[in-house]
Amino acid sequence: MDSRYAQVYAAWRRDPEGFWRDAAAAVDWIRPPERIFDAGAGPAGRWFPDATLNICHNALDRHADGGRGTQVALVHDSPVTGTVARHTYAEVRDAVAALAAALAREGVGRGDRVVITMPMIPQAVFAMLACARLGAVHSVVFGGFAAAELAKRIDDARPVLVLTASCGMEANRIVAYKPLLDEALRLAAHRPGRCLVWQRPQLPATLVEGRDRDWAEAVAAVGGERAPCAEMKATDPLYILYTSGTTGLPKGVVRDTGGYAVALAWSMPNLYGVRPGDCFWTASDIGWVVGHSYIVYGPLIHGATTVLYEGKPVGTPDAGAFWRVCADHAVTAFFTAPTALRAIRKEDPDGALRSGHDLSKLRTLFLAGERADPTTVEWAQTQFGLPVVDHWWQIETGWCIAGNPVGLGRLPVKRGSPTVPMPGFALKALDEAGAEVPPGTMGSLVAELPLPPGTLVTLWGQDERMRASYLSTFPGHYETGDAGMVDADGYVWVMGRTDDIINVAGHRLSTGGIEEVLATHPDVAECAVIGATDAVKGEAPLGFLVLKAGAARGAAEVEREAVALVRDRIGPVAAFKLAVAVGRLPKTRSGKILRGTMKTIADGGAWTVPATVEDPAVLDEIAAALKARGLPEG
Numbered sequence: 001m002d003s004r005y006a007q008v009y010a011a012w013r014r015d016p017e018g019f020w021r022d023a024a025a026a027v028d029w030i031r032p033p034e035r036i037f038d039a040g041a042g043p044a045g046r047w048f049p050d051a052t053l054n055i056c057h058n059a060l061d062r063h064a065d066g067g068r069g070t071q072v073a074l075v076h077d078s079p080v081t082g083t084v085a086r087h088t089y090a091e092v093r094d095a096v097a098a099l100a101a102a103l104a105r106e107g108v109g110r111g112d113r114v115v116i117t118m119p120m121i122p123q124a125v126f127a128m129l130a131c132a133r134l135g136a137v138h139s140v141v142f143g144g145f146a147a148a149e150l151a152k153r154i155d156d157a158r159p160v161l162v163l164t165a166s167c168g169m170e171a172n173r174i175v176a177y178k179p180l181l182d183e184a185l186r187l188a189a190h191r192p193g194r195c196l197v198w199q200r201p202q203l204p205a206t207l208v209e210g211r212d213r214d215w216a217e218a219v220a221a222v223g224g225e226r227a228p229c230a231e232m233k234a235t236d237p238l239y240i241l242y243t244s245g246t247t248g249l250p251k252g253v254v255r256d257t258g259g260y261a262v263a264l265a266w267s268m269p270n271l272y273g274v275r276p277g278d279c280f281w282t283a284s285d286i287g288w289v290v291g292h293s294y295i296v297y298g299p300l301i302h303g304a305t306t307v308l309y310e311g312k313p314v315g316t317p318d319a320g321a322f323w324r325v326c327a328d329h330a331v332t333a334f335f336t337a338p339t340a341l342r343a344i345r346k347e348d349p350d351g352a353l354r355s356g357h358d359l360s361k362l363r364t365l366f367l368a369g370e371r372a373d374p375t376t377v378e379w380a381q382t383q384f385g386l387p388v389v390d391h392w393w394q395i396e397t398g399w400c401i402a403g404n405p406v407g408l409g410r411l412p413v414k415r416g417s418p419t420v421p422m423p424g425f426a427l428k429a430l431d432e433a434g435a436e437v438p439p440g441t442m443g444s445l446v447a448e449l450p451l452p453p454g455t456l457v458t459l460w461g462q463d464e465r466m467r468a469s470y471l472s473t474f475p476g477h478y479e480t481g482d483a484g485m486v487d488a489d490g491y492v493w494v495m496g497r498t499d500d501i502i503n504v505a506g507h508r509l510s511t512g513g514i515e516e517v518l519a520t521h522p523d524v525a526e527c528a529v530i531g532a533t534d535a536v537k538g539e540a541p542l543g544f545l546v547l548k549a550g551a552a553r554g555a556a557e558v559e560r561e562a563v564a565l566v567r568d569r570i571g572p573v574a575a576f577k578l579a580v581a582v583g584r585l586p587k588t589r590s591g592k593i594l595r596g597t598m599k600t601i602a603d604g605g606a607w608t609v610p611a612t613v614e615d616p617a618v619l620d621e622i623a624a625a626l627k628a629r630g631l632p633e634g
C-alpha cells in the first residue's frame, strides 16, 4: 500500500506552524487563530494563543445543525443490563444543553472544576460535554478507585460540584458508587457544595440532605432552558486527568481546548482512517485518556458515531462479546488494549465465538495502552484477517506519539513496534548523558520541544513539577519515561518504563504508591513491589514483604491482609493479588533495592548477580520463595 506518511511528516518538519495552521481548518473557531504558537507561555509553550472556540459546539452543535442531526452520535451498549440505546446528534446536543443549564443553576461557571465519577452510561458523556459547554473544567475519576484515591483528586482539583451515579454494574455484582463518594468527601479536606446523583434502578442511593440532589430532578427543573456554548480561549483548560505520581501524590495533567480539538480532528481521518458517519468504537473507560480522546471528543468532533460499552471483553457474557458489538453496530474501526485480546485468546484461542458475527464493516483493529507483544498481534491478525495497528501514546500526550497512519496509507508492520512518529513528535533515544544513541540502541525515549497540539500544557497548579517531571532531565526535550530505541528505518520500539510506574491492563500504577500502602501494615518492616510480566494484564504488581521480628501474625496471614489492604486503599484497579513474605530484600551496598533483578527472576529471565549486591545469597532466597509459589509460571 502506498503511503503519504513520509511526505506529510516531512511537511511538518519543514514548517511546523504552517502544518498546524492548515490542520486547524478542521475546527469551527469563533475567532480563528492568527498566531499559531507562543513559545514563551507556560512551561513548554502554548498553541493558538489568540483564538477562541467551544469544543462542545464542535462536538455537537455544528453537526446537529449542519445536517447530521438525525445521525446516531452515541450508542450505549450495556450487556450487564441487557440494554442498547442510540442517541442522535440532536438528542445528545439537547440533553447536554439541558444538563449544562442545570449545572449553571447550581453555580457552575467558566473555570470552575467539576469532578465526575460515573459508570459507562450516556449521562457520563453528557456530563463531560456539559462542563465543556459552560467552560467548566471537568476531572473524570475512574470508578475503580477507592475512596482515599478519590479524596486526593478532590483535594487537588477543588471542585465546586461532583457528578456521580448511584451504582456501577459488573457481570456478577453491583458496585455502590455513592458510599465511595460519601467516604471520599469525609476524608477530603475540600468539600464541594453540591453533588448531583444519577439514580440507577438497580441500586438507588440515599441522598445527603443539603448536599446531594437527584440529577434527573435538577434537569427537569430547568424546563425548556438550554445553556449556550461559552466562548473559550484555545488556551483555556478543558479537563484535568490524574495520573500516578512517583511521590504518591497524583499529577493532574491539564489539557487545553483549542490544541486538543485540532489534534483530535487531524488524527481521526489521518491516523485512524475514519470518515464522518463511520462507527468508531474504543473499548475503554472514560476515566482514562483513551476514553476522553476517542470515546468522547475525537469521534464527535469528526462527525462519527461512537460506542459507549458497559461490559468486559470476557464474561459479559463470553469471549465473543467484542465481535458481537462490532457486528451489531457496524463498527468500522475498533480500538482496544492488548490485555483485552489476551483475555479473549485465553478463553477462545481458536476464535470459535467469532463465527456468526458479520464483521464485514470492520476495517482496522487498533491497539494501545501497553506494549502489544508480537504473539498477541500475530494471533489477532490470523484470527480476524484484519490489519492490527499498534500505537503508542500516554495520558500526558492525549493522542498518538507513534503509530501506523491508516488514513495516510499503512506502512509495513514490524511486530513489536508501534511504527513511526506522528507529525509533531520528533523522537530520539538518548543515553544518560543526553547524547543520542545510534539507531537500534536502547535509551530513554524523548521528544523534541515543542510538543504538538493536544498534549499536556502543565500539571494542575504545579508548573514547576511539570518542568521537573518531564522537561528537566534532557533540556529541550520531553522525557516520556519510557525506554526504547529508534531503528535505522525510523521505527520506534518501546520496551518498558524507566521509572517505577507499571502498566497493569493499560492502567499506569505507581509501585511506590503500593509500597506506601503495604508499609502501613503493622507487621511489615520493609517491602518492595515490582511489575511482573502477566500473560493477560501485561504486568501485575508483585509484593515482597519482610516481616518484623516477633510479628503477631504468621506470614500467610500477613500476605492475605496485605492484599486486602491494597484493595481497600487503592482499589481493585491495582490488581494486587500476590504478596510474598521473604526474610530480606536484595540490596546494593548503598542500600538500593535491586528491583530490576527481582523482576528478572520473577519473569523467569536469565539473571546474574550484580557487582554491587551486598549479599548474593539473598537473590537465591528470592528465587526460592518465588519457586515455592509456582513463579515464574511455566
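Position 389 of the sequence shown, counted from 1, bears residue number 389 in full-length UniProt numbering, the numbering being contiguous throughout. We treat Cβ as the ideally placed atom computed from N, Cα and C, and that holds for glycine. Small disclaimer: the values here were computed from a predicted structure and weren't measured.
(message) Are the CB atoms of residue 162 and residue 125 within a distance shorter than 8 angstroms?
(response) No.
Practice problem: Would you tell me roughly how many angstroms separate the C-alpha atoms of residue 98 and residue 48, rounded to the nearest one? | Solution: If you take the alpha carbons of residue 98 and residue 48, they lie about 30 angstroms apart.
query = What are the complete alpha helix (DSSP H) segments, minimum 4 residues, inside the stretch 154-229?
reply = For the stretch 154-229, the continuous alpha helix (DSSP H) assignments of 4+ residues that do not extend past its boundaries occur at 177-187, 215-220, in sequence order.
*What is the residue span of the beta strand (DSSP E) that residue 281 lies within?*
Here the beta strand (DSSP E) through residue 281 covers 279-282.
For the stretch 194-209 and the stretch 166-177, state whether three or more C-beta atom pairs, one from each stretch, are separated by less than 8 angstroms. Yes, since at least three Cβ pairs between the stretch 194-209 and the stretch 166-177 fall closer than 8 angstroms, the two stretches touch.
C-beta neighbour in chain D for residue 208, strict 8 angstroms
Reference to chain D is not applicable here, since this structure consists of a single protein chain.
Please state whether the Cβ-Cβ distance between residue 543 and residue 529 is less than 8 angstroms. Less than 8 angstroms divides the Cβ of residue 543 from the Cβ of residue 529.
*Have a look at residue 316 and residue 14 and give me their C-alpha separation to the nearest angstrom.*
The alpha-carbon of residue 316 is positioned some 50 angstroms away from that of residue 14.
Open item on the list: Please classify residue 618 as buried or exposed, where buried requires at least 16 neighbouring CB atoms within 10 angstroms.
Closed with: Residue 618 comes out buried.
**Asked** Just how far apart, CA to CA, sit residue 151 and residue 158?
**Response** Inter-residue distance for residue 151 and residue 158 is about 10 angstroms (C-alpha atoms, whole angstroms).
* Asked: Curious, which full-length alpha helix (DSSP H) runs of at least 4 residues does the stretch 306-392 contain?
  -> Listed in chain order, the complete alpha helix (DSSP H) runs (minimum 4 residues) inside the stretch 306-392 are 321-328, 338-347, 374-384.
message: Quick check on the DSSP output: what are the complete alpha helix (DSSP H) runs of length 4 or more inside the stretch 388-417, in order along the chain?
response: Listed in chain order, nothing qualifies, since the stretch 388-417 has no complete alpha helix (DSSP H) run of 4 or more residues.
Problem - Contacts around residue 31, its chain only, beta-carbon distance under 6 angstroms, and the 5 residues preceding and following it disregarded - result: Within the same chain, residue 31 has close Cβ partners 51, 52.
Q: Would you kindly work out how many angstroms separate the C-alpha atoms of residue 594 and residue 582, rounded to a whole number?
A: When rounded, the separation of the alpha-carbon atoms in residue 594 and residue 582 is 14 angstroms.
Please report the residue range of the alpha helix (DSSP H) in which residue 302 lies.
DSSP places residue 302 inside the alpha helix (DSSP H), whose first and last residues are 298-302.
task = May I have the straight-line CA-CA distance separating residue 109 from residue 284, to the nearest angstrom?
result = Roughly 29 angstroms between the two C-alpha positions.
*Between the Cα of residue 88 and the Cα atoms of 538, 95, 72, 287, which residue gives the shortest distance?*
Out of 538, 95, 72, 287, the CA that lies nearest to the CA of residue 88 is found in 72.
Worksheet item: residue 139: buried (16+ other C-beta within 10 angstroms of its C-beta) or exposed?
Response: It counts as buried.
Q. For the 8 angstroms Cβ check, are there 3 or more pairs between the stretch 441-453 and the stretch 367-375?
A. Verdict: no, contact absent.
### Task
Sort 524, 215, 141, 7 by Cα distance to residue 251 and report the nearest one.
Of all alpha-carbon atoms in 524, 215, 141, 7, the one lying nearest the alpha-carbon of residue 251 is that of 141.
- N-terminal and C-terminal residue of the alpha helix (DSSP H) that residue 128 is part of: If you look at residue 128, you'll find it in the alpha helix (DSSP H) that goes 122-134.
query = Hey, would you say residue 276 sits closer than 8 angstroms to residue 303, going by beta carbons?
reply = Yes, these two residues count as a Cβ contact at 8 angstroms.
For residue 408 and residue 4, which I take to be in contact (beta-carbon distance under 8 angstroms), what is that distance rounded to the nearest angstrom? Between residue 4 and residue 408 the Cβ distance is about 5 angstroms, and since that is below 8 angstroms, they are a contact.
Apart from the five residues on each side of it in sequence, which residues of its chain come closer than 7 angstroms, Cβ to Cβ, to residue 11? Only 19 meet the Cβ criterion.
*Who pairs with residue 528 in a beta bridge, going by DSSP?*
As computed with DSSP, residue 528 is found in a beta bridge with 544.
Exercise for review: Go to residue 511, then tell me how far its beta strand (DSSP E) extends in each direction, as first and last residue.
Suggested key: No beta strand (DSSP E) holds residue 511; the alpha helix (DSSP H) holding it covers 511-518.
**Study point:** C-beta atoms of residue 57 and residue 28 nearer than 8 angstroms
**Key:** Against a cut-off of 8 angstroms, the Cβ pair of residue 28 and residue 57 comes out as a contact.
Ordered along the chain, which non-local residues of its own chain (more than five positions away) have a Cβ less than 8 angstroms from that of residue 214?
Setting aside the 5 residues that flank it on each side, residue 214 is surrounded in the same chain by 196, 197, 199, 207, each with a C-beta closer than 8 angstroms to its C-beta; the list follows chain order.
Checklist entry - residue 285 by DSSP, collapsed to three states: which one? => result Coil, per DSSP.
Per DSSP, the bridge partner or partners of residue 138 | BP columns for residue 138 point to 114, 239.
Just list the beta strand (DSSP E) runs in the stretch 553-607, keeping only unbroken ones of 3 residues or longer that don't cross its boundaries, in chain order. For the stretch 553-607, whole beta strand (DSSP E) runs of length 3 or above, ordered along the chain, are 578-582.
Open item on the list: Helix, strand or coil for residue 255? Go by DSSP, reduced to three states.
Closed with: If DSSP states are grouped into helix, strand and coil, residue 255 belongs with the strands.
Quiz item: How would you write the range of the alpha helix (DSSP H) that residue 620 sits in, first residue to last?
Solution: Segment 617-628, the alpha helix (DSSP H) holding residue 620.
> For residue 465, which residues of its own chain have a beta-carbon under 8 angstroms away from its beta-carbon, when the five flanking residues on both sides are left out?
Replying inline: Only 251, 459 meet the Cβ criterion.
Exercise. Please work out which residues of its chain come closer than 6 angstroms, Cβ to Cβ, to residue 78, disregarding the five sequence neighbours upstream and downstream, and give them in chain order.
Key: Within the same chain, residue 78 has close Cβ partners 310.
### Query
Can you list, in chain order, the stretches of the beta strand (DSSP E) that have 3 or more residues and sit fully within the stretch 457-494?
Within the stretch 457-494, the complete beta strand (DSSP E) segments at least 3 residues long are 477-486, listed from N- to C-terminus.
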